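What follows is a short report on a single structure.
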Amino acid sequence: MAIASVSFGLHLPKSGPSDFSAKLKRVDFTGSLALIITVFSLLFGLDHGGNISWNDSVTLLSFSSFALFFILFGAIELRIASEPFAPKRIIFNRSLIAGYLVNFFGVAVGMNLIFHVSLYLQAVHGNTAAEAGLWLVLCVVGGLLGSLSTRLRASSTLSQCLDMARSSSRRVLSSCRQELPWEPCFRLP
Numbered sequence: 011m012a013i014a015s016v017s018f019g020l021h022l023p024k025s026g027p028s029d030f031s032a033k034l035k036r037v038d039f040t041g042s043l044a045l046i047i048t049v050f051s052l053l054f055g056l057d058h059g060g061n062i063s064w065n066d067s068v069t070l071l072s073f074s075s076f077a078l079f080f081i082l083f084g085a086i087e088l089r090i091a092s093e094p095f096a097p098k099r100i101i102f103n104r105s106l107i108a109g110y111l112v113n114f115f116g117v118a119v120g121m122n123l124i125f126h127v128s129l130y131l132q133a134v135h136g137n138t139a140a141e142a143g144l145w146l147v148l149c150v151v152g153g154l155l156g157s158l159s160t161r162l163r164a165s166s167t168l169s170q171c172l173d174m175a176r177s178s179s180r181r182v183l184s185s186c187r188q189e190l191p192w193e194p195c196f197r198l199p
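Per this note's numbering, the very first residue in the sequence shown carries number 11; after that it's consecutive.
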């Protein structure tokens, strides 16, 4: 579904003929390798520590290599790479930090839900693993359709987004006001 929407909706400009070796020189291989080793070391240390022991020498070595390669990745991206895939102007932009945090916690919640919802469906409702997986596929499709419909509804203008937020908050407050015995101290325009 995602591949089809990107292939039909994304129209990139045609690029002229160029040399493959010139394109290959632009790739940040050292930063990519450092990032791969950094992520592998962190995930291996977390997995090994959770399954074997947090005080095991392999776990401690993995976390040490994570710290070392994380610092190395930062140094490569900030100082050495001519065209880094994580440029300093984007990583340290203060206006993007909220987006980074929302993305981080959203992915954390999503991963947590994938594990616990399937476990709940299997343990409480007695579903098989295939049935629980089918429910998760339906949740992913629902999230995709919700995201796409929100994007179409917002139509990339801030005024329409604010109108949508104002109308939804007006609906929520009017439904809450019907159940409250007192009048709210504020009114929406």
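Think of the CB as a built atom: it goes at the ideal place given N, C-alpha and C, for glycine as much as any other residue. Quick caveat: nothing in here was measured; it's all calculated off a predicted structure.
With DSSP run on the structure shown, which of helix, strand or coil describes residue i?
{"i": "MET121", "result": "helix"}
{"i": "ASP38", "result": "coil"}
{"i": "HIS126", "result": "helix"}
{"i": "SER25", "result": "coil"}
{"i": "TRP64", "result": "coil"}
{"i": "CYS195", "result": "A caution first: CYS195 carries a pLDDT of 44, below 50, which makes its placement in the model unreliable, though a value can still be read off. Coil."}
{"i": "ASN113", "result": "helix"}
{"i": "PHE30", "result": "helix"}
{"i": "SER105", "result": "helix"}
{"i": "ALA91", "result": "coil"}
{"i": "CYS186", "result": "Only weak support exists for where CYS186 lies, its pLDDT of 44 falling under 50; the value from the coordinates is given anyway. Helix at CYS186."}
Provide the residue span of the alpha helix (DSSP H) that contains residue i, from first to last.
{"i": "PHE83", "result": "67-85"}
{"i": "GLY136", "result": "Careful: GLY136 lies outside any alpha helix (DSSP H) and carries neither H nor E."}
{"i": "ALA12", "result": "12-19"}
{"i": "ILE100", "result": "98-101"}
Does the ligand ATP have even one heavy atom less than 7 Å from the beta-carbon of residue i?
{"i": "ALA118", "result": "The ligand ATP is absent from the structure shown, which contains no ligands of any kind."}
Tell me which same chain residues have a C-beta within less than 6 Å of the C-beta of residue i, skipping the five on either side of it?
{"i": "LEU22", "result": "none"}
{"i": "LEU88", "result": "LYS98"}
For residue i, I'd like the list of residues in its chain whose CB is within less than 7 Å of its CB, leaving aside the five on either flank, ordered along the chain.
{"i": "ILE124", "result": "LEU146"}
{"i": "ILE86", "result": "THR40, GLY41, ALA44"}
{"i": "GLU93", "result": "ARG36, ASP38"}
{"i": "VAL68", "result": "HIS58"}
Report, in whole angstroms, the separation of the C-beta atoms of residue i and residue j, which I expect to be a contact under 8 Å.
{"i": "LEU131", "j": "ALA142", "result": "4 Å"}
{"i": "PHE83", "j": "SER72", "result": "In fact, because the Cβ distance is near 16 Å, the residues do not count as touching under 8 Å."}
{"i": "MET11", "j": "LEU148", "result": "The pair is not a contact, with the Cβ atoms about 13 Å apart (cut-off 8 Å)."}
Any Cβ of chain C within less than 8 Å of the Cβ of residue i?
{"i": "GLN132", "result": "Given the protein chain composition of this structure (a single chain), no chain C is represented."}
Within its chain, find whatever has a CB closer than 8 Å to the CB of residue i; leave out the 5 residues flanking it on each side and keep chain order.
{"i": "ASN137", "result": "LEU131, TRP145"}
{"i": "CYS195", "result": "Residue placement at CYS195 is poorly supported in this model, since its pLDDT is 44, which falls under 50; the coordinates still yield a value, given next. Within the same chain, CYS195 has no close Cβ partners at all."}
{"i": "SER51", "result": "SER72, PHE73, SER75, PHE76, PHE79"}
{"i": "ILE100", "result": "LEU106"}
May I ask you to verify whether the stretch 64-79 touches the stretch 20-37, counting CB pairs closer than 8 Å and requiring at least 3? With the cut-off at 8 Å, the stretch 64-79 and the stretch 20-37 do not touch.
Between the stretch 55-62 and the stretch 32-45, do three or more beta carbon pairs fall short of 8 Å? Counting C-beta pairs closer than 8 Å gives fewer than three between the stretch 55-62 and the stretch 32-45, which falls short of the contact rule.
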